[in-house]
Amino acid sequence: MSTAQARPAVDMPLLTAIIMLCALSLLVQYSAGGENPGCMVRQGTRIAFALALLFVFAHIPPPVLLRWSPWLYGGGLALLVIVLSAGIIGKGAQRWLDLGVVRFQPSEIMKLAVPMFVAWTLTRLPLPPRLFTLLCALAVVALPAGLVVVQPDLGTAILIAIAGMAVIFLAGITWKMLIVVATLLAAAAPLVWNFLLRDYQQQRVLTMLDPWADPLGAGYHIVQSIIAVGAGGVGGKGWLAGSQSQLDFVPERSTDFIFATYAEEFGFIGALALLLLYLFIGLRGLVIAHYAADSYARLLAGGLALTFFVSVFVNIGMAVGILPVVGVPLPLLSHGGSSIATLMIALGILMSIHRQRSRL
Amino acid sequence: MIPVSNKVRDRRIVRGRLALAGGGVLLLAAVLVARLAYLQIASHQRFSTLAQNNRIDFVPIAPVRGLIHDRNGRIVAENRRVYNLEILPDQVDDIDQLLNQVGQLIELETESVGRFRSLLARRPSFERQTLRTDLNELEAARIAVHQHRMPGLELQARLQRHYPHAGVAAHLIGYVGRITADDLRRIEPRAYRGLEYLGRAGLEAQYENLLRGGPGLERVETNAHGKVVRSLGRDAPATGLTVHLGLDIELQRVSVEALRGWQGAIVAIEPATGDILAFASEPNYDPNPFVNGISRADYQHLLDSPQRPLLNRALYGRYAPGSTVKGFVLLTGLQHGVDPNRQIYCPGWFRLPGRAHRYRDWKEGGHGLIDARDAIVQSCDIYFYRLARRLGIDALHRGLSGFGFGQVTGVDLPGEPSGLMPSPAWKHRARGQAWFPGETVITGIGQGYMLVTPLQLAAATAALANRGRRVAPRFLTATEDPRNRELQPVAPLEAGRWRVGNRAFYEYLIDGMRGVVHDRNGSAAGIRRGLKYQMAGKTGTAQVKSIPQDEKYVEEEVERRFIDHSLFIGFAPIDAPKIAVAVVVEHGGPGSRTAAPIARRVMDFYLLQQLGMFGGPDAPAAAAAASADSADSASTGRPATVATVTTVTPTVTTVTAAQ
Numbered sequence: 491m492s493t494a495q496a497r498p499a500v501d502m503p504l505l506t507a508i509i510m511l512c513a514l515s516l517l518v519q520y521s522a523g524g525e526n527p528g529c530m531v532r533q534g535t536r537i538a539f540a541l542a543l544l545f546v547f548a549h550i551p552p553p554v555l556l557r558w559s560p561w562l563y564g565g566g567l568a569l570l571v572i573v574l575s576a577g578i579i580g581k582g583a584q585r586w587l588d589l590g591v592v593r594f595q596p597s598e599i600m601k602l603a604v605p606m607f608v609a610w611t612l613t614r615l616p617l618p619p620r621l622f623t624l625l626c627a628l629a630v631v632a633l634p635a636g637l638v639v640v641q642p643d644l645g646t647a648i649l650i651a652i653a654g655m656a657v658i659f660l661a662g663i664t665w666k667m668l669i670v671v672a673t674l675l676a677a678a679a680p681l682v683w684n685f686l687l688r689d690y691q692q693q694r695v696l697t698m699l700d701p702w703a704d705p706l707g708a709g710y711h712i713v714q715s716i717i718a719v720g721a722g723g724v725g726g727k728g729w730l731a732g733s734q735s736q737l738d739f740v741p742e743r744s745t746d747f748i749f750a751t752y753a754e755e756f757g758f759i760g761a762l763a764l765l766l767l768y769l770f771i772g773l774r775g776l777v778i779a780h781y782a783a784d785s786y787a788r789l790l791a792g793g794l795a796l797t798f799f800v801s802v803f804v805n806i807g808m809a810v811g812i813l814p815v816v817g818v819p820l821p822l823l824s825h826g827g828s829s830i831a832t833l834m835i836a837l838g839i840l841m842s843i844h845r846q847r848s849r850l
Numbered sequence: 214m215i216p217v218s219n220k221v222r223d224r225r226i227v228r229g230r231l232a233l234a235g236g237g238v239l240l241l242a243a244v245l246v247a248r249l250a251y252l253q254i255a256s257h258q259r260f261s262t263l264a265q266n267n268r269i270d271f272v273p274i275a276p277v278r279g280l281i282h283d284r285n286g287r288i289v290a291e292n293r294r295v296y297n298l299e300i301l302p303d304q305v306d307d308i309d310q311l312l313n314q315v316g317q318l319i320e321l322e323t324e325s326v327g328r329f330r331s332l333l334a335r336r337p338s339f340e341r342q343t344l345r346t347d348l349n350e351l352e353a354a355r356i357a358v359h360q361h362r363m364p365g366l367e368l369q370a371r372l373q374r375h376y377p378h379a380g381v382a383a384h385l386i387g388y389v390g391r392i393t394a395d396d397l398r399r400i401e402p403r404a405y406r407g408l409e410y411l412g413r414a415g416l417e418a419q420y421e422n423l424l425r426g427g428p429g430l431e432r433v434e435t436n437a438h439g440k441v442v443r444s445l446g447r448d449a450p451a452t453g454l455t456v457h458l459g460l461d462i463e464l465q466r467v468s469v470e471a472l473r474g475w476q477g478a479i480v481a482i483e484p485a486t487g488d489i490l491a492f493a494s495e496p497n498y499d500p501n502p503f504v505n506g507i508s509r510a511d512y513q514h515l516l517d518s519p520q521r522p523l524l525n526r527a528l529y530g531r532y533a534p535g536s537t538v539k540g541f542v543l544l545t546g547l548q549h550g551v552d553p554n555r556q557i558y559c560p561g562w563f564r565l566p567g568r569a570h571r572y573r574d575w576k577e578g579g580h581g582l583i584d585a586r587d588a589i590v591q592s593c594d595i596y597f598y599r600l601a602r603r604l605g606i607d608a609l610h611r612g613l614s615g616f617g618f619g620q621v622t623g624v625d626l627p628g629e630p631s632g633l634m635p636s637p638a639w640k641h642r643a644r645g646q647a648w649f650p651g652e653t654v655i656t657g658i659g660q661g662y663m664l665v666t667p668l669q670l671a672a673a674t675a676a677l678a679n680r681g682r683r684v685a686p687r688f689l690t691a692t693e694d695p696r697n698r699e700l701q702p703v704a705p706l707e708a709g710r711w712r713v714g715n716r717a718f719y720e721y722l723i724d725g726m727r728g729v730v731h732d733r734n735g736s737a738a739g740i741r742r743g744l745k746y747q748m749a750g751k752t753g754t755a756q757v758k759s760i761p762q763d764e765k766y767v768e769e770e771v772e773r774r775f776i777d778h779s780l781f782i783g784f785a786p787i788d789a790p791k792i793a794v795a796v797v798v799e800h801g802g803p804g805s806r807t808a809a810p811i812a813r814r815v816m817d818f819y820l821l822q823q824l825g826m827f828g829g830p831d832a833p834a835a836a837a838a839a840s841a842d843s844a845d846s847a848s849t850g851r852p853a854t855v856a857t858v859t860t861v862t863p864t865v866t867t868v869t870a871a872q
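Residue numbers (our numbering), protein chains in the order written: chain A, 491 to 850; chain B, 214 to 872.
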């Protein structure tokens, strides 16, 4: 593959979009952080660190990733179990692993390891996957997702599940099977509702269905978020001028509800621009998948791109009140080191896959 | 490895799905755009309003209560900075736990906690409530240190009403009190927005509307926790008007001190204007503890005290006027054509024709031949028994009513009683009995049914000083807007004219009253020594207990509570009166002995010290004024300060011994 070495390691259109998002991220973090330059500096540091990771992973060829997949997955699973048992001892939610220098969430690894290992599993045999392969792939998804749910971190578990399911979908699972899986999921829904979801999680779903039923109680957060978005209007209230966000009415305004802050201050036009950037990155990822050199790279790239956009949808959908409140960060905008690093690695992998693309 | 054909097939499958995924992504994006358009464009107005309502709040700003000044600009009611402990109820998770924590740091009285709880239940939870007031420096520091772990608790520097002269003017100034749950049902809520106190007694209650001021309103931006982030503009509160009184607080203090150890009242009026210069009632009480709610025990102590310190005797005390009424009776007689120069014979007793009952004179053996002037000077009872009988009760009633007896004076204090000017019609109405001639006779010397208040007596004396021009006694002389310092004087109120035929009648009477003080045989001659000015006066001794016929009245054997009330009225200087005084000392014995010296002390202080007339104060008077101590007044004993008064009448000591 001599041609691959001649191509640049980074995909310029993708990188441009990412840089623009990062710039927006700094702006909106400064505003959401109460005009505290420290917030912006920390976010900038994280972004710089994550960008470095992007460049590193952009240089790792997909076959290497293929080889790493089982190990990464197995290692990630082991860490999840360790974290969980430590959490049980510590009598509380445990997501973090302290490595002395860096603290990180093993569940973040799974956001990448699951699509990689699912793609690895599915590409052992010709596509579309047969029932056994499919069941194996489903198990590969369900195991870490379940471990993360009991942490409990529903948001990350959902993202892990989405990443795995996206790969399975792209692998050409037949419509018949898709229907069967969908039916199974539908049948499992009441069981999940009753046995897997905790009270507060059930409440969130109910709240999503009608937040105005209890605007000062359970619905307070989502109602305040919707008010913020709506009050932004077409042109927005202007940077640093969103009363809903600045006066603390918007909950979690730096993290899960960063979109409400953004939409209040930059309005419909700003939201549209942001959405276009996300859409561009998502679609660009799908295009990269289209031209990928082999099935593994294709599935991985497609899965990562799809996961990226779906997480955007879930987060914004939550902020505008069409999805229940789950802790899914808005890619690159939300405050939080682990998720930004993971995202940049995913984007780096996309670039690497693009660099190694076939000419067909 | 997988065969090449499979690779191509795989690629086709995945590329197909990628296209589907792309379509899905666009669909999701479309959903979000539609939702955003709905929220941000279609419903923008509604959410914009909701966001506004979220952040804008209106906070009332309490106005500063107006000050009260005396006639010389001395402050008698002010606002002092104090530390209050306040609670924002909606920021407290567990009120009981918080109260418990606070109780460990500073002392919390059960009562203030109870009041706090009752307000908590009544007022909206976003309104701050005061838990304890007037924290001292140490307590404030203790709270400040631990405040961070008690959210919803705030230490506030506030202005609180303070009465610098404590009990001296308590009965007339009154006090403000914290607004209670009961008040809330009564007051106009808008006028009291942000206010915690209202005038509860005395002038504070009377002029509540002048003193209160207008509450302001601040438009503030609040955050989600209800905390004020910044001000968006304010309507400044209007400070209450400064109230100027005719009162002379120094004279008031001297009056209170002159009465110390006694129960009684002094009212001093400026005859020309009706301005009340002094309005003393003893014993008194400190109004300051009432501001934040006096403790039940302390209040009960005041209520239970036999000296009744809470009673405003100057306003509510109703006494038989005794001989102080004689001047007014004489004026009535002169109007009815009585010749003052015609002498009568006083044998020491008087008997109605055909009746056995003897009405006695205070002087055993009588005054002998006596004319009207001497009857005033020596306070001859027999003269006035006969005069009253000659005039008849209807003429007496009309004549005395003309001086305001039996009517409210219209003073600017709430709840003034009218006293009692008896008449046959009144007796028939009130008691269902006929009027007896004997009752007319004793009315002539101010005994029987007639009751006057010290204020009425002073107002009537001021009318004598004015030679018949009655003015309504008043406290308020002017209001002042603190913003532009504009003074709005209040015009004196004429209380109606009652002038007998000509001015000569007054001059005749006043000459007699001059004799009371200045003549060797005057009933108040005991106070004339060293007097630097001309004073007109009249003593009075009001019987508390009727003495059975033919029983000798031996003062030393009578319990103190049966000792007569001591009265004195007078004004000075005679030519251009500056002050008219009425003194009532309960169980003080003869008016000449107790009330008259007190009246002189009051007049001396006002004329010599305050007005600087007649060469100013002489040494002992100045010394007495300088020793203005504020010792406890509730004691039943007789503190040393009275000694200056009793030097004139050493017999008082015997009374004390007899107790």
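Backbone N, C-alpha and C fix where the C-beta goes; we use that ideal spot for every residue, glycine too.
Per DSSP, what are the beta-bridge partners of residue i in this structure?
i: Y890 of chain B; result: Here chain B has residues from 214 to 872 only, and residue 890 of chain B is not among them.
i: P273 of chain B; result: B:L430
i: W648 of chain B; result: Beta-bridge pairing links W648 of chain B to no other residue.
i: H778 of chain B; result: B:A755
i: N292 of chain B; result: B:R374
i: Q701 of chain B; result: B:T692
i: E707 of chain B; result: B:V684
i: H282 of chain B; result: B:I288, B:H457
List the whole-angstrom C-beta distance separating residue i from residue j, where the pair is believed to meet the contact cut-off of C-beta under 8 Å.
i: P741 of chain A; j: H711 of chain A; result: 4 Å
i: V935 of chain A; j: Q253 of chain B; result: Here chain A has residues from 491 to 850 only, and residue 935 of chain A is not among them.
i: E431 of chain B; j: V442 of chain B; result: Rounded, the Cβ-Cβ distance is 12 Å, inconsistent with contact.
i: G426 of chain B; j: V277 of chain B; result: 6 Å
i: F597 of chain B; j: V542 of chain B; result: 6 Å
i: A605 of chain A; j: V657 of chain A; result: Rather than Ala, the amino acid found at residue 605 of chain A in this sequence is Pro. About 5 Å separates the two Cβ atoms, so the contact holds.
For a contact defined as C-beta to C-beta under 8 Å, what are the partners of residue i on chain B?
i: S842 of chain A; result: Ordered by position in chain B, no residue passes the 8 Å Cβ test against S842 of chain A, which lies about 18 Å from the chain.
i: G724 of chain A; result: The displayed chain sequence assigns Val, not Gly, to residue 724 of chain A. Chain B residues near V724 of chain A: Q253, I254, H257.
i: I716 of chain A; result: L252, F260
i: R557 of chain A; result: Simply none; closest approach about 15 Å.
i: I830 of chain A; result: Ordered by position in chain B, no residue passes the 8 Å Cβ test against I830 of chain A, which lies about 22 Å from the chain.
i: G792 of chain A; result: V227, R230, L231, A234
By the criterion of Cβ-Cβ separation under 7 Å, what are the contact partners of residue i in chain A?
i: R228 of chain B; result: H780
i: R268 of chain B; result: S733, L737
i: A242 of chain B; result: L765, L769
i: D223 of chain B; result: P616, L617, S785
i: A414 of chain B; result: Under the 7 Å cutoff, chain A gives no residues; its nearest Cβ is about 44 Å from A414 of chain B.
Going along chain A, which residues have a C-beta under 8 Å from residue i?
i: E431 of chain B; result: Under the 8 Å cutoff, chain A gives no residues; its nearest Cβ is about 17 Å from E431 of chain B.
i: V246 of chain B; result: L762, L765
> Quick one: complete alpha helix (DSSP H) runs, 4+ long, within the segment 791-837 of chain B?
Replying inline: 808-817
>> Could you check whether the segment 840-848 of chain A touches the segment 766-786 of chain A, counting it as contact only if at least three pairs of C-beta atoms, one from each stretch, sit closer than 8 Å?
In response: yes
>> To test your reading of the DSSP string, which unbroken alpha helix (DSSP H) runs of 4 or more residues are found completely within the segment 761-832 of chain A?
In response: 785-809
> Is it a yes or a no for the segment 614-632 of chain B touching the segment 587-594 of chain B, going by three-plus beta-carbon pairs under 8 Å?
Replying inline: no
>> Three or more C-beta pairs under 8 Å: does that hold for the segment 801-810 of chain A against the segment 603-623 of chain A?
In response: no
>> Tell me whether the segment 794-812 of chain B and the segment 687-702 of chain B touch, counting them as touching only if at least three CB pairs, one residue from each stretch, are closer than 8 Å.
In response: no
> Whole beta strand (DSSP E) runs in the segment 311-348 of chain B with 3 or more residues, listed along the chain?
Replying inline: 342-348
> Does the pairing of the segment 409-420 of chain B with the segment 648-664 of chain B give three or more beta-carbon distances under 8 Å?
Replying inline: no
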